[in-house]
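Engineer:
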Amino acid sequence: TVVVVGSINVDLTVSASPLPRPGETVSGTQFSTLLGGKGANQAVAAARAGARTLMVGAVGRDPFGAVALDALRADGVDVGWVEEVDGSTGVAHIRVDSRTGENSIVIVPEANGAVTAERVRAALTAAAPTSPVVLLQLETPLEVTVATASACADLGLRLSLDPAPATPLPEEIWAGVWLACPNETEAEVLTGTRVTDVRSAERAARWFLERGVHQVVITRGGRGTVVVGPSGTTEIPAFGVTPVDTTAAGDTFAGALGAAVAAGLPWPVALRRAAAAGALATTKPGASPSIPTAAEVDTFLKG
Ligand code: ADP
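Per UniProt numbering, the sequence shown runs over residues 17 to 319.
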């Protein structure tokens, strides 16, 4: 089982070119309403990778809450621990320049701010007998991050933390983190080491290892992945693809890796599947629509 503690948003995306300047109104060409949020993306990625997946989070009692819950259910994600709270569901308001592909995003956390330490503890305690891998990001309140790390330490659960969006964190959380999977920017914000190659990635990784993290996986987009843990440093080269939209590559990687670890796959095999899933996610536009299934990853790895 994979348990995801994290954010659930509805992504409201419009396309136009050029995008309006402040005070200006333009007519756009496309609009979509899709499930998003790092937590939900990772849950969809884990479920499509074949894991039994349980989401812990919150949505509002509004039409977007139903959109989000329906989309999670459609991918087979168990939403039994998604609380419906008064007010609005989290939204990401995304504007894409249809010519350059550049985007600007405003995220309003709304219901994601209502996830509490108590709920997370209760959910993890209930799920503990299945020895889940737990996936966490940083789009829910700090008390949720702290509670998830301490509950995972108490219950002996393997916690994978994707520290995004990057923000300084209390030292105490690292003892509860089994796997940290920052990208280069996040690794720099947390460790102060600028990651530009394998050596500097290794230096940044050491910062996490010194704080009790067991495995560190630094994702470097099209430049591959550096993995530092008990068996030393390995580099997973990026698969050769033609990226069209890198949104959710990191979430896909984290979700697929969590599913592979939960399935008991050998570590190198798990990393290779996650890298393949991340690469595939860049070949299609959008967040959740671009997340591949296990069958798509199989076909890609055979080809
Ligand atoms: P984030 O979205 O968090 O910044 P990355 O961009 O590092 O994360 O992507 C996560 C993983 O997805 C990478 O480690 C890599 O395996 C894969 N990936 C991302 N971008 C590409 C790319 N352009 N080509 C091949 N693989 C990619």
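For each residue, glycine too, the CB sits at the ideal point set by N, CA and C.
(1) What alpha helix (DSSP H) runs, 4 residues minimum, are completely inside the region 36–64?
(2) Over the uninterrupted beta strand (DSSP E) stretch that includes Val20, give me the two end residues.
(3) How would you call Glu155, buried or exposed, if buried means at least 16 neighbouring beta carbons within 10 angstroms?
(4) Can you grab the Cα-Cα spacing for the pair Glu188 / Asn128, in whole Å?
(5) Please classify Gln231: is it buried, with 16 or more other beta-carbons within 10 angstroms of its beta-carbon, or exposed?
(6) Could you please give the first and the last residue of the uninterrupted beta strand (DSSP E) stretch that includes Val72?
(7) Since Asp102 and Ser33 are thought to touch, with beta carbons under 8 angstroms apart, how far apart are those beta carbons, to the nearest angstrom?
(8) Could you check where the beta strand (DSSP E) with Gly248 kicks off and where it finishes?
(9) Around the C-beta of Ala221, are 16 or more other C-beta atoms found within 10 angstroms, so that it is buried, or is it exposed?
(10) If you follow the beta strand (DSSP E) that Thr262 is part of, which residue opens it and which one closes it?
(11) If I measure Cβ to Cβ from Leu35 and keep anything under 6 angstroms in the same chain, skipping five residues before and after, which residues do I get?
(12) Just checking, does the region 223–239 make contact with the region 195–210 on the three C-beta pairs under 8 angstroms criterion?
(13) Just list the alpha helix (DSSP H) runs in the region 109–171, keeping only unbroken ones of 4 residues or longer that don't cross its boundaries, in chain order.
Structural biologist: Quick look at the numbers:
(1) Runs of the alpha helix (DSSP H) inside the region 36–64: 54–64.
(2) Mapped onto the sequence shown, residue 20 falls at position 4. Unbroken beta strand (DSSP E) run through Val20: 18–21.
(3) In the sequence shown, counting from the first residue as 1, residue 155 sits at position 139. Answer is buried; the Cβ neighbour count reaches 16.
(4) Working through the sequence shown from its first residue, we reach residue 188 at position 172. Working through the sequence shown from its first residue, we reach residue 128 at position 112. Linking Glu188 to Asn128 through their CA atoms gives a straight-line distance of about 23 angstroms.
(5) Indexing the sequence shown from 1 puts residue 231 at position 215. Classification of Gln231: buried, given that the 10 Å Cβ count is 16 or more.
(6) Within the sequence shown, numbered from 1, the residue matching residue 72 stands at position 56. Residues 69–76.
(7) On the sequence shown, residue 102 is found 86 positions in, with the first residue counted as 1. On the sequence shown, residue 33 is found 17 positions in, with the first residue counted as 1. In fact, because the Cβ distance is near 38 angstroms, the residues do not count as touching under 8 angstroms.
(8) The residue labelled residue 248 in the question sits at position 232 within the sequence shown. Residues 248–252.
(9) In the sequence shown, residue 221 corresponds to position 205, counting from 1. Classification of Ala221: buried, given that the 10 Å Cβ count is 16 or more.
(10) Looking up residue 262 in the sequence shown gives position 246. Where Thr262 is concerned, there is no enclosing beta strand (DSSP E), given that its DSSP letter is neither H nor E.
(11) Here residue 35 is taken as the residue at index 19 of the sequence shown, counted from 1. Taking C-beta separations shorter than 6 angstroms and ignoring five residues to either side along the sequence, the partners of Leu35 in its chain run Arg111, Asp113, following chain order.
(12) yes
(13) 133–143, 158–171
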